[in-house]
Amino acid sequence: MFPIYRARRIRQDGIREILEDSLVEVKKLMLPIFVMPGSDKVEEISSMPGVYRYTTDKVLTFVEDAVKSGIKSIIFFGISDVKDPIGSWASNSEGEVQKAIRLVKKEFPELLVAADTCLCEYTDHGHCGIVRDGEILNDETLEVLNDVAISYVESGADIIAPSGMMDGMVSSIRDALDSKEFYNTIIMSYSVKYSSCFYGPFRDAAQSAPKFGNRKTHQMSPFFGYNEAIKESLIDVEECADILMVKPGLSYLDVLKTVKNSVLLPVAVYNVSGEYSMVKAAGINGWIDEMNTVSEIFYAFERAGADIIISYHSLDYAKWLAENNK
Ligand code: PBG
């Protein structure tokens, strides 16, 4: 075990206390979990060593471990083998995500459960919306997303996290939820989402790579300046989002800080799959000390203004902190 770098002080009663300029607390972390069809299976994602896909019957054991390690919130991603042009399986109450939410909320009502709300895992073409003549139909897609959001909340989700970057997505989902009297459901919007190379391993994990074209029409160019980021954030504020998000994290710390300074809402950062896999690969090879690197990265997110950190490293980090705190 590598030493952990942090300042401590001894309180008068002899208890060691971590100084303020120290590590990010586990309660700030959100853990992504992939659920897949079938039963009795846990598969490692080859491009993300240490991250697994679970069938719904296997999710609970994993979540239990996470809860015991201090994890307070999770976000579900569904993987589907039922795919059609409009992603209709996404809103089915017997879907993998819906089942997983019900199981987990029953067992751990205190755990905050978010659901990534997008169609790309459910469409046969792999795009985040309904496509006609090579173009994504924004408003038709919103209708479908509303149904998906409602079905997740009916299953018990606390947070809806729309990630497709359709125009008007937040207000449309807000209205749909309110019409069902789900006034307290939180919407965490993927407000500032770049069309990034860092999602490569995720698309492998979720089998959601587009079959043709790309996501550049609705995701933001990494080569835009701040204006676009602030504009997208303010639109989501206007549409009544509860939490904004910047994604990816590491190459966009400056954007995170700028967004945080431009709004009053909490801001989440998504430490995405490619960022995870780089650190993990270097760690496995012994080129870097994985957990100290993760703690440095998390601290950078916090310093840049993140209120919530969504990361595949969350559980390892929580365990590592607990071990080092003994
Ligand atoms: C879309 C979605 C993606 C990610 C989260 N939600 C993929 C994409 O936009 O292509 C990426 C997350 C990651 O890379 O860890 N449903």
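Here the numbering used here is used: the first residue of the sequence shown is 10, the next is one more, and so on.
Note that CB positions come from ideal geometry on N, CA and C, so glycine has one too.
Pick helix, strand or coil for residue 39, following the three-state DSSP scheme. Along the sequence shown, one-based indexing puts residue 39 at 30. For residue 39, the three-state secondary structure derived from DSSP is strand.
Residues near residue 108 by beta carbon distance below 6 Å, same chain, minus five either side: For the purposes of this step, residue 108 is taken as the residue at position 99 of the sequence shown. Excluding residues within five positions, the ones whose Cβ falls inside 6 Å are 65.
Spatial distance of residue 269 from residue 234 (CA atoms): Numbered from its first residue, the sequence shown carries residue 269 at position 260. Numbered from its first residue, the sequence shown carries residue 234 at position 225. Rounded to whole angstroms, the gap between the alpha carbons of residue 269 and residue 234 is 16 Å.
Kindly indicate which three-state DSSP category residue 197 falls into: helix, strand or coil? Position 188 of the sequence shown, counted from the first residue, corresponds to residue 197. Of the three classes helix, strand and coil, the one that applies to residue 197 here is strand, per DSSP.
Measure the Cβ-Cβ separation of residue 164 and residue 331 and say whether it is below 8 Å. As a position in the sequence shown, residue 164 is number 155, starting the count at 1. As a position in the sequence shown, residue 331 is number 322, starting the count at 1. Cβ distance not < 8 Å, so residue 164 and residue 331 don't count as in contact.
Report the three-state DSSP secondary structure of residue 178 (helix, strand or coil). Here residue 178 refers to the residue found at position 169 when the sequence shown is read from its first residue. Of the three classes helix, strand and coil, the one that applies to residue 178 here is helix, per DSSP.
Spatial neighbours of residue 189 in its chain, beta-carbon cut-off 7 Å, leaving aside the 5 residues before and after: Here residue 189 corresponds to residue number 180 of the sequence shown, with the count starting at 1. Only residues of its own chain outside the window of five on either side were considered, and among them 159 have a CB closer than 7 Å to the CB of residue 189, listed in chain order.
Since residue 123 and residue 39 are thought to touch, with beta carbons under 8 Å apart, how far apart are those beta carbons, to the nearest angstrom? Reading the sequence shown from its first residue, position 114 is the one you call residue 123. Reading the sequence shown from its first residue, position 30 is the one you call residue 39. About 7 Å; that satisfies the 8 Å criterion.
Three-state class that DSSP yields for residue 210 in the structure shown: Taking the sequence shown and counting its residues from 1, one reaches residue 210 at position 201. Three-state DSSP puts residue 210 in a helix.
Sort out for me which residues DSSP pairs residue 132 with in a bridge. One-based indexing of the sequence shown puts residue 132 at position 123. Beta-bridge pairing links residue 132 to 93.
Candidates 162, 87, 113, 115: which alpha carbon is nearest residue 132's? The count along the sequence shown starts at 1 and reaches residue 132 at position 123. Taking residue 132 as reference, the option from 162, 87, 113, 115 with the minimal CA-CA separation is 87.
Can you name, in chain order, every residue of its own chain whose Cβ lies under 6 Å from the Cβ of residue 191, other than the five neighbours on each side? Locating residue 191 in the sequence shown gives position 182, counting from the first residue. These residues qualify, in order along the chain: 162.
Along the chain, where does the beta strand (DSSP E) that runs through residue 86 open and close? Residue 86 sits at position 77 when you count from the first residue of the sequence shown. Following the DSSP letters along the chain, one finds residue 86 inside the beta strand (DSSP E) bounded by residues 82-87.
I believe residue 277 touches residue 252 by the beta-carbon criterion, under 8 Å. Please report the beta-carbon distance rounded to the nearest angstrom. Numbered from 1 along the sequence shown, position 268 holds the residue referred to as residue 277. Numbered from 1 along the sequence shown, position 243 holds the residue referred to as residue 252. The Cβ separation is near 6 Å, so the contact holds.
So what's residue 12 in DSSP terms, helix, strand or just coil? As a working note, residue 12 is residue 3 in the sequence shown. Because residue 12 carries a pLDDT of 48, less than 50, the predicted location of this residue cannot be relied on, and no value is offered for it.
Helix, strand or coil: which one does DSSP assign to residue 126? By 1-based counting over the sequence shown, the position of residue 126 is 117. Looking at residue 126 - three-state DSSP - the assignment turns out to be strand.
Apart from the five residues just before and just after residue 22, which ones in its own chain have a Cβ nearer than 8 Å to its Cβ? Within the sequence shown, the letter at position 13 stands for residue 22. Excluding sequence neighbours, residue 22 sits near nothing in its chain.
Please say whether residue 238 and residue 196 have beta carbons closer to each other than 8 Å? Here residue 196 refers to the residue found at position 187 of the sequence shown. Here residue 238 refers to the residue found at position 229 of the sequence shown. The beta carbons of residue 196 and residue 238 sit no closer together than 8 Å.
Looking at the secondary structure, which residues open and close the beta strand (DSSP E) in which residue 253 lies? Locating residue 253 in the sequence shown gives position 244, where the first residue counts as 1. For residue 253, the enclosing beta strand (DSSP E) begins and ends at 252-256.
Residue range of the beta strand (DSSP E) that residue 276 falls in? On the sequence shown, position 267 is the one that residue 276 refers to. According to the DSSP assignment, residue 276 belongs to the beta strand (DSSP E) that extends over 276-280.
Reference residue 275, options 46, 301, 289, 318, closest by Cα: For the purposes of this step, residue 275 is identified with residue 266 of the sequence shown, where counting begins at 1. Considering only alpha carbons, the answer is 318.
Go ahead and pull the three-state DSSP assignment for residue 336. With the chain running from 10 to 335 in the structure shown, residue 336 is simply not present.
Check whether the Cβ atoms of residue 218 and residue 62 lie closer than 8 Å to each other. Along the sequence shown, one-based indexing puts residue 218 at 209. Along the sequence shown, one-based indexing puts residue 62 at 53. For the pair residue 218 and residue 62, the CB atoms are not nearer than the 8 Å cut-off.
Considering Cα atoms alone, identify which of 56, 90, 287 is closest to residue 299. Your numbering for residue 299 matches position 290 in the sequence shown. Checked all of 56, 90, 287; the closest Cα to residue 299 is 287.
Give the single residue among 182, 121, 141, 172 whose Cα lies nearest to the Cα of residue 151. Mapped onto the sequence shown, residue 151 falls at position 142. Ranking the options by Cα distance to residue 151, first place goes to 182.
Just the Cα atoms here: how many angstroms apart are residue 199 and residue 175? Numbered from its first residue, the sequence shown carries residue 199 at position 190. Numbered from its first residue, the sequence shown carries residue 175 at position 166. Rounded to whole angstroms, the gap between the alpha carbons of residue 199 and residue 175 is 10 Å.
Verify the contact flag: residue 325, CB atom, against every heavy atom of the ligand PBG, threshold strictly below 7 Å. Taking the first residue of the sequence shown as 1, we reach residue 325 at position 316. No, the Cβ of residue 325 stays beyond 7 Å of every heavy atom of the ligand PBG.
Coarse secondary structure for residue 116, derived from DSSP in three states: In the sequence shown, counting from the first residue as 1, residue 116 sits at position 107. In the structure shown, residue 116 falls within a helical segment according to DSSP collapsed to helix, strand and coil.
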